[in-house]
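Going down the list, the sequences are from chains Z and E. Counting from 80, one number per residue, gives the positions in the first sequence under the numbering used here. Counting from 7, one number per residue, gives the positions in the second sequence under the numbering used here.
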Amino acid sequence: MRTKIYFFLYIGALIALSMQKSYEPLIFIFMALFLMLGKSAFVLARRALLLVAFFSFFITLSYSLMLYMQSQPFWNYFLTLNLRSLDMMYLTLLFTARVNIYEALAFSKELSFLLVLSVSKIMTMQRVFADYSDALRSRRVKKPSRDQIYEYLGSAIAGFLDRSIQESKENFEAMKSRGFHV
Amino acid sequence: MHIPDGFLSPSTYITASFIALPLLIRAFKKTKELIDDESFALLSSLSAFSFVVMMFNIPIPGGTSGHAIGAAILAILFGPWVAAFCISLTLFIQALIFGDGGLSVFAVNSLSMGFTASFVAFYVHKFLKNKMRDNIVFFLSGWSGIVAASVVVAVILGIQPLLGVDALGHPIYFPFGLSVTIPTVVGSHILFFGLAEGIATMLVMRFVEKITNQDKEVSNES
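Shown next as structure tokens:
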């Protein structure tokens, strides 16, 4: 029950953050989140920064440049949007670092089970994807042609699809044999 | 096409959440009806598949590359509801566990990349099937799905300057209006990302057809 309360608090905090219209409170919120994270603050701050940087900086920089060229103040816009985006991402990282997400989202047995199963498969697929990429890299002497890349992509993606369907059948049989019914 | 947290006004993402939630519940129920007992294992596998498809960089003629989302592949093979649910589940996991996108914008991402892309791809395939070469139909299904999704994203982003301004009259969410978002977001998807989705759909469906035909030949011989 406690984790569910944390989840609703997190949603409420996200909405409150998205309503902020000036950067001053967002600086204090960032500092508060930083302190709450303790030892992992720097690592998560770096991760949050990397996650929001591309889209956020690209959009806000181009708009700020436009305001600057029109001799209009741009700092408020630039800082507010980037800090709001950063704070929201930082809050999400804090939530996922401190709260058991699967427990927090266990509103229905079916969805909770689906989430756990999907995440575990995504982790496995990520490893297989890395193996595929390494295998392709280690087997080529010269740069492959576009046709060769297309052939590889077609078979690799279809291979993943085939693997996904096969695995789901095996999972289903394993679940059934253990008397697991959702 | 993932929109990060902080760029959409609360009125936008709360409205989108009210639209997306019943659709997701319906998609979940439809999927369970369609696939029955195996649905859970298959749904999780297809969501993982969609996640992996997004990791492949597909070279596009012209020297650039982009990634597909796999909506058309899933929609053609399993139907639009299954595809929409799997893509949405993947987006949810990306937002909450991998920090890609954001939870506040999940509903908008789900409506565009999940529902719009899957349904448009499915119906384009259904309409064009048997009217032209398979490869072209697969390509157009993937391309049109992703372009339609980009139109939704462009419109949602483009109306943000109307939904929130500061004391000086400057936008406080996404700053550019429709006159910028439509050509840039939709244009880049027509020319680049749509091609990636179209090529991925064509390559995978061609491979699936090849394997299916081989299986048929083997069973006919035996």
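For each residue, glycine too, the CB sits at the ideal point set by N, CA and C. Computed from a predicted model, the values in this text were never measured in an experiment.
For the C-beta of I180 (chain Z), the chain E residues within less than 9 Å are, from N- to C-terminus, L102, I103.
L193 (chain Z) sits close to S50 (chain E), with the two beta carbons spaced by under 7 Å. With distances taken between CA atoms, P104 (chain Z) lies nearest to Z:D166 out of Z:S150, Z:Y142, Z:D166.
K200 (chain Z) counts as buried, since no fewer than 16 other beta carbons sit within 10 angstroms of its beta carbon. Within a 10 Å sphere around the beta-carbon of R163 (chain Z) sit 16 or more other beta-carbons, which makes this residue buried. Distance check between F239 (chain Z) and each of Z:R206, Z:V220, Z:R257, Z:S256 places Z:R206 closest, using alpha-carbon atoms only.
At a C-beta separation below 9 Å, M254 (chain Z) has these neighbours in chain E: F46, A47.
By the Cβ rule, the region 134-150 of chain E does not count as touching the region 207-223 of chain Z, because fewer than three pairs are nearer than 8 Å. Residues of chain E with a Cβ closer than 9 Å to the Cβ of M168 (chain Z) are, in chain order, P10, D11, G12, G105, G108. Among the bridge pairs identified by DSSP, V171 (chain E) is matched with E:P177. Between V59 (chain E) and A74 (chain E), the C-beta spacing is below 7 Å.
The count of Cβ pairs closer than 8 Å, one atom from the region 19-34 of chain E and one from the region 100-120 of chain E, reaches three, so the stretches are in contact.
Nearest neighbour of F13 (chain E) by Cα position, chosen from E:T190, E:P167, E:F62, turns out to be E:P167. Contacts with chain Z at 7 Å (Cβ-Cβ) include M61 (chain E). Just so you know, the alpha carbons of V157 (chain E) and R126 (chain Z) end up roughly 30 Å apart. With contacts defined as CB atoms closer than 7 Å, S124 (chain E) and T96 (chain E) fail to qualify as a contacting pair. Between the region 233-250 of chain Z and the region 203-214 of chain E, the count of C-beta pairs closer than 8 Å reaches three or more; the two stretches touch. The beta-carbon distance between T171 (chain Z) and G200 (chain E), rounded to whole angstroms, is 30 Å. This is too long to meet the 8 Å contact definition. Residues of the region 217-248 of chain Z that bring their beta carbon within less than 9 Å of a beta carbon in chain E comprise R225, I228, Y229, E230, L232, G233, S234, A235, I236, A237, G238, F239, L240, D241, R242, S243, I244, Q245, E246, S247, K248, in sequence order. Contact annotation for I99 (chain E) against chain Z: L194, S197, V198, I201 [CB-CB distance below 9 Å, chain order]. Under the DSSP assignment, K221 (chain Z) falls outside any alpha helix (DSSP H); it carries neither an H nor an E label. Between the alpha carbons of V111 (chain E) and I165 (chain E) lies a distance of about 15 Å. Inter-residue distance for G105 (chain E) and M168 (chain Z) is about 7 Å (C-alpha atoms, whole angstroms). If the five residues before and after V195 (chain Z) are omitted, its C-beta is found closer than 7 Å to the C-beta atoms of Y181, all from its own chain and listed in chain order. Contact annotation: S94 (chain E) and S116 (chain E) have beta-carbon atoms nearer than 7 Å. Proximity of chain Z to V214 (chain E) at the Cβ level (cut-off 8 Å) is accounted for by A237, L240, in chain order.
When DSSP states are grouped into helix, strand and coil, N219 (chain E) belongs to the helix group.
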